Amino acid sequence: MRNLRNIGHGVFRVPDSSSATALPISASCWDVSRDEVIAACGPTPGDARIELLRIAKNAHHISPAQLQSQSIASWDALSPNENGEPDAIVGMHYFSDTLTTCVIMAGGDMITVTEDEEGVAIPGEAHVEIVGTLLPSIAGARWSPDEELLVVATGDAKVVFMSRSWHVITEVGLSVDDLKLSKHVSVGWGKKETQFQGRGAKAKALRDPTIPEKVDEGTLSQNDDGRCSISWRGDGAYVAINFLQEGVRRVIRVYNRDGELDSVSEPVDGLDGSLSWRPEGNLIAGIQRLPDRVDVAFFERNGLRHGQFTLRAPADSPAVLDNVALEWNSDSTVLAVILKDRIQLWTMGNYHWYLKQEVLCLDSIGAKGQRPLFSWNVETPLRFAAAVASKVLVNEYALTVYRGPTTAPHDHGAVAVVDGQIIKFTPFRTCNPPPPMSMCELEVESPIIDVAFSTDCSSMAVLHRVGISFFTLEAKGPRLSNPKLLSMAPFGNTESQSYDESLLQVGFSSPRELHVLRMTDDLELLRCDFGSQEAKSWFKADASSIVTIASPGSASIEGLDVPADDPEKDERCRSIERGGRLVTAIPTKMALVLQMPRGNLETIYPRAMVLAGIRKLVEQKDYGSAFATCRTQRVDMNILFDHRPEQFLDNVGLFLDQVKDPANIDLFLSSLKEEDVTQTMYRDTKTAGSQPPDPKAAVKPGKTNIVCEAVLQRLRAQRKANLQNIITAHVCKSPPALDDGLLVVAELMQEDSALAERAVEHICFLADVNQLYDHALGLYNLDLTILVAQQSQRDPREYLPFVQELHKMPVLKRQFTIDDKLEHWEKALDHLKALNDFEQVKSYIVEHTLYQHALAIYRHEEQHHRAITDLFAAYLKSTSHFKEAGLAYESLDNFADATDCYLKAGATCWRECLYAAQQQNPPLAPAKLSEIATSLADALREAKDHASAATIHLDYLASVPSAIQHLCKGYLFADALRLAALHNRTDLLPTAIDTGLAEALSSSTEFLADCKAQLLAQVPRIAELRLKAREDPLAFYEGENPFGGRTAGAGADIPDDISVAASGVSTSASLFTRYTNKGGAGSVGTVGTGVSRATSKNRRREEKKRARGRKGTVYEEEYLVNSVRRLVERVEAATAEVERLVWGLARRGMAERARAVEELMAGVLEACRKAVGEVWPADDTVGGGGGGVGEGGVEPTRDPGCGGVSAGWGGWGAV
């Protein structure tokens, strides 16, 4: 679908080309480093001189198209022929790295012309040298693409491979024996005796279409000029030589770089001397002359034919095909066919060859009909230089699509494809034919140069050499009819071209006014108005309206928002076939037309384009079109509401009127969900940017019910007409309002039984019929229940007897039976209460554990309420909820059972238990009360609640020594001293309190000493393990170094190609997966699937290893870090107890002991602070060792609980 548009144009004319002494241009090549053309002039029969010119842009000329020349060198070429005919140039190549031009003469001389580094300032300064001569002559020569090899075909049928330094690598002969090395296998096709001739085939004279009518034998063409052509493959691995084998046929031989023959071509009648190997390497192009046409024939590397296409010649000059040459451009997209007076540029798409441009190259000197000298620029694939005797033409093209406007409402997708004099026109909004087909074909007077469309897609202009053909485009609704030729404006004598290649581009300034850009002595802009009476007159436009761009890459794309390549998160991204190109966009259809690399077309609907179109339709309140688009493109219907919720609720009636079809309304209602799709799957990433979606904003609780209720309000006015949608709206609520839908059916049963049956069928289609049966039964409507049951697969023998039995029951009994069957036990209990059968109520409560509901409904009936409470208390006691059971018994004044429950509840209810025990009537015996108090005190002692135990001993057991003993065990020495003084028991000071102080001192000293020893042992070990992990992670995690011994530093003695990071495709245990049960030797199945092979047994085994933290394992560091963490937390918790111990020792005159424990505590605190700084440093980023976020999974933290140690310690200076 792409065409060639001229974007660069330049001409160089030989000075005094009209004089007899002018040297014609005889060869040309590119200097790609300077983007300039090197041209050679001469020799001629009267002048043996050869002049080498450099053709470049003229900085001082007013026109950018006028090129200037600079002489590089000149020398005389002696004639190698006895008859005095001048020598000829058969090949020329420029080496940019050495500033050297290599000229190869037909007489055998190989000449190099070397310039200086600054460029030639004075003609003649370049160094000219004949580096060698090949006898008897040179028929053809070509340098390889990498400029390292030169292949020369000599006049005595030999091929010489030479290096850049002019050394002969190999020399092979072009003999007839080469044809015997053909790899082609003949299966007898074309021979009558090998063809299947059936009875029907003989009768009807049928033949196999796969068998050619004629087998070529390699007959020579009458126009064969005997030339030799050489062409390299793009990668330089192979070279093809087209050589005329005298007396046999013309043969294409393929050699490798070592000069070894790889293949020869099959016999082809009329094969010409032209040859060009496509740089991609899949095709070798040649010319085949047939009696009625001239074809470009293609060969594979093995020499077999691979298709062809026919060349086109003007009807008035068919002789232009007498001399043809071929050249592929560097990216294999364009094939140049060089004829006598013109150059044709061909491209291929979908196996069809298009003639995209035809450039005339007329020669003012007239050098015996010699065809133009043609060369592509290797660095710029679509730039070429074409030289004839009197001038050099430099053109540059760009591949572009001739498309119409892409803005609505004029986006008809109009595309024009150039094929010689034919325009293949297709409006893709109307139809989408596969190339090379089109909706219609338009033919003009001469080959097409450029095509343009007006901005409103009402007209199309076709520029060709004769003039401009103006076509009108008429739209009939969304479709575009075939273009109609309105007028053709020819170029008259006044505006005639000063040379034939001047027309460049055409464009619209208004729907009826055209401008043509052409080149004469300067850029000119011609204007023609097809809307006026002077439609065929051309006028020169104001030169100020010409806009030039310095370079094609100067356009800014800063405003273009290019998203990241993440199709899963950004709807603007979409994966397509590699090499696909955009043909046109049709926003009205929300479609893009793409052309794949082979040439076939694909129409896609990008999600971003579709969503943008739906959003626009919703904003325009065109809900009908938006719904149709959602349904066609499979877009979630929720976007119709979520994009503009308030607008939708205000225009529910408009939505229903536009959608109309009840089935479509049902489809919309059934797709509703509690999610804002504009925040999740259809998030507008263009406006939201790369910010992650908010999970809370993505949930819209109650959205479904709001929309369904709004639809129901509109539909209830005409219930019968909208019955289907009303039922759907009820069923689609969240949760489904099945009862409301069934009530609608129940109302219809009283009005129209046929309509009710249809309604039942619809609701049974939407919901589970078994659930509907239960809901219908729960409405106590037995007729509705039977109607629903008839739509199910239930056996009437199952439900009819049950329904008949219900008909016989009283109303309350029937409702109770129904709710009991449906397991609606609370509703059944309500009906049972209405029946006034409290004994059955109690058994029903116990059977279905309905205590709380029963208490609620009997809260105003005290007697029944107390009975139910007693049942509830017994139930709680039986289920071991003793505290709640005690509360229930206490509310019933049953303090005996309450005391028992509180006692069983444990030490936490000691206050409630003692209260209930003292409230019993008759009162408990003192011995029993003391027994209960003793039991509670023992429980509190085991729970280490020494303060509460001391309270019980003091208040209920009257044991001051026991109370003081418990206070001392709880480090509450101040309270112990207070009690001793309060009860005047100074005798307990040395016996109980001092003894408690001594025991507490011993316990605390032992605890602090153990903590200090543990820190001194574990913290250095952690540092040692981390040092090992940093210095040699391989040995640390694998247990040994497989590269021979433990390494002294990171990376020492480890091969360069070994990475410490785990490989995603490793089939063995990698560095950090040894202890994760992935990729190990025991792993089976596909590697890299991410499926965990760990069983629960293996996980438990690993957890045990992790908990043990055995020395030398990978879990040791994690175990030690967690151990230090727990130690610091214990020290922090013991700070208050040690402080109270220090104060108690000081008050009892034990200052030395107080000072000793205070110093020990200070030392442990300091050790904890240092440990925290070493184990959890502030910049801890350890990922592999324990304590980091690596194997151990422990998040590094700066203060694991020891911050309160230093802040809460008040022991300093206490003594």
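The sequence shown maps to residues 1 to 1215 in UniProt numbering.
Think of the CB as a built atom: it goes at the ideal place given N, C-alpha and C, for glycine as much as any other residue.
Remember, predicted model here, so these are calculated numbers, not experimental data.
Secondary structure of residue i, DSSP reduced to three states
i	result
Trp825	helix
His127	strand
His515	strand
Tyr858	coil
Gln852	helix
Ala386	strand
Trp910	helix
Asn770	helix
Tyr397	strand
Lys391	strand
Gln70	strand
Asp994	helix
Ile576	coil
Asn175	Correcting the residue type first, residue 175 is Ser in the shown sequence and not Asn. Coil.
Tyr402	strand
Asn725	helix
Arg978	helix
Thr112	strand
Met596	coil
Val1060	Because Val1060 carries a pLDDT of 40, less than 50, the predicted location of this residue cannot be relied on, and the following value inherits that uncertainty. Three-state DSSP puts Val1060 in coil, outside helix and strand.
Beta-bridge partners of residue i, as assigned by DSSP
i	result
Gly91	Ile104
Trp353	Met348
Asp31	Glu36
Thr817	None, per the DSSP bridge assignment.
Met488	Ser469
Ile138	Thr154
Ala240	Ser231, Val254
Gly132	Met110
Glu443	Ile422
Lys57	Leu67
Glu51	Cys41, Ser74
Asn6	Tyr397
Gln245	Arg249
Supposed contact pair residue j and residue i - C-beta distance, whole angstroms, cut 8 Å
i	j	result
residue 1221	Tyr255	Residue 1221 is absent from the model: the chain starts at 1 and stops at 1215.
Leu311	Asp295	7 Å
Ser780	Arg814	Looking at the sequence provided, one finds Tyr at residue 780 rather than Ser. Sure, about 7 Å apart at Cβ, within 8 Å.
Cys909	Lys877	Incorrect: roughly 14 Å between the Cβ atoms, too far for contact.
Gln713	Pro662	Incorrect: roughly 17 Å between the Cβ atoms, too far for contact.
Leu822	Leu777	6 Å
Ile50	Leu67	Going by Cβ atoms, the distance from Ile50 to Leu67 rounds to 20 Å, so no, they are not a contact pair.
Residue i classed as buried or exposed, judged by whether at least 16 other C-beta atoms fall within 10 angstroms
i	result
Leu359	Sequence inspection shows Val at residue 359; the Leu mentioned does not correspond to that position. Buried, since its Cβ has 16 or more Cβ neighbours within 10 Å.
Thr133	exposed
Arg578	exposed
Phe374	buried
Arg859	exposed
Trp376	buried
Val1121	buried
Arg1125	buried
Arg250	buried
Tyr351	exposed
Met809	exposed
Ser459	buried
Cys630	buried
Asn984	exposed
Original post:
What residue ranges within the region 1122–1181 form continuous alpha helix (DSSP H) runs of no fewer than 4 residues, ordered along the chain?
Top reply: DSSP runs (the alpha helix (DSSP H)) wholly in the region 1122–1181: 1151–1175.
Original post:
At which residue ranges does the region 286–334 contain complete beta strand (DSSP E) runs of 3 or more residues, listed in the order of the chain?
Top reply: Every beta strand (DSSP E) of 3 residues or more that sits fully in the region 286–334 is shown, in chain order, as 294–299, 305–310, 325–328.
Subject >> Ordered list of alpha helix (DSSP H) runs contained in the region 744–795, each at least 4 residues >> reply: Complete alpha helix (DSSP H) runs here, min 4: 753–766, 769–778, 782–789.
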